[in-house]
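**Student:**
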Amino acid sequence: STVLGCNVSKLQAILPHACPGGVDKLGRPILFKHFGGQCELRKMLKETTEDKLHDYNWWLNEQYVRKLDELGAKKWVVIIDAKAWYPGLFDGIAFRFLKSMAQVDADHYPERLPPPNNT
1 STVLGCNVSK LQAILPHACP GGVDKLGRPI LFKHFGGQCE LRKMLKETTE DKLHDYNWWL
61 NEQYVRKLDE LGAKKWVVII DAKAWYPGLF DGIAFRFLKS MAQVDADHYP ERLPPPNNT
């Protein structure tokens, strides 16, 4: 299947995410986002545009909102896996993507995130 004109499996290979159905003690769905060594966002520009890559975050969040509705939950929990991340991944494309992602999440989904826990 495709999202925003790009094959989902290609998006998943670079920026894996999962909402496997698990919940925490408070009934909030647990989301996994992998920003590790495979997260070479510049490679995605062979498949899509930078603007559509930014829109991918919108699309993911809307999928997660549907999951909240299914569970009757109001917030989700995000676990970020940064295994094998290295500074070379943080180029201009990654900076713009992360900035856009933070802005979209803060502007449109702030009530969905519980306070951070860096454990």
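Going by UniProt numbering, the sequence shown opens with residue 1, and the numbers climb by one from there. Glycine included, every Cβ here is placed at the ideal spot set by N, Cα and C. Bear in mind that the values here come from a model prediction, so they are computed numbers and not experimental data.
What residue range does the beta strand (DSSP E) around L31 cover?
**Tutor:** Looking up residue 31 in the sequence shown gives position 31. I30 to H34 is the extent of the beta strand (DSSP E) around L31.
**Student:** How about the segment 62-75 and the segment 94-107: do they share at least three Cβ pairs that are nearer than 8 Å?
**Tutor:** no
**Student:** Just the C-alpha distance for F90 and L45, rounded to the nearest angstrom, thanks.
**Tutor:** In the sequence shown, the residue the question calls residue 90 occupies position 90. In the sequence shown, the residue the question calls residue 45 occupies position 45. Distance between the alpha carbons of F90 and L45: 15 Å.
**Student:** Beta strand (DSSP E) containing residue 158: first to last residue?
**Tutor:** With the chain running from 1 to 119 in the structure shown, residue 158 is simply not present.
**Student:** Cα-Cα, which of P110, G5 and E111 is closest to D55?
**Tutor:** Here residue 55 is taken as the residue at index 55 of the sequence shown, counted from 1. The option with the nearest alpha carbon to D55 is G5.
**Student:** Thinking G37 and K83 are a contact (beta carbons under 8 Å), I'd like their distance in whole angstroms, please.
**Tutor:** Taking the sequence shown and counting its residues from 1, the one referred to as residue 37 is at position 37. Taking the sequence shown and counting its residues from 1, the one referred to as residue 83 is at position 83. The pair is a contact, with the Cβ atoms about 7 Å apart (cut-off 8 Å).
**Student:** Give me whichever residues DSSP pairs with I80 in a beta bridge.
**Tutor:** Numbered from 1 along the sequence shown, position 80 holds the residue referred to as residue 80. In the DSSP output, where bridge partners are listed per residue, I80 has K33.
**Student:** Can you list, in chain order, the residues of its chain with a C-beta nearer than 7 Å to that of I30? Leave out the 5 residues immediately preceding and following it.
**Tutor:** In the sequence shown, the residue the question calls residue 30 occupies position 30. Taking C-beta separations shorter than 7 Å and ignoring five residues to either side along the sequence, the partners of I30 in its chain run G22, V23, D24, V77 and I79, following chain order.
**Student:** Please name the residue or residues paired with V3 in a DSSP beta bridge.
**Tutor:** Along the sequence shown, one-based indexing puts residue 3 at 3. Answer is C6, bridged to V3.
**Student:** How would you label L26, buried or exposed, when you count the other beta carbons within 10 angstroms and need 16 or more for buried?
**Tutor:** The residue labelled residue 26 in the question sits at position 26 within the sequence shown. Result: exposed.
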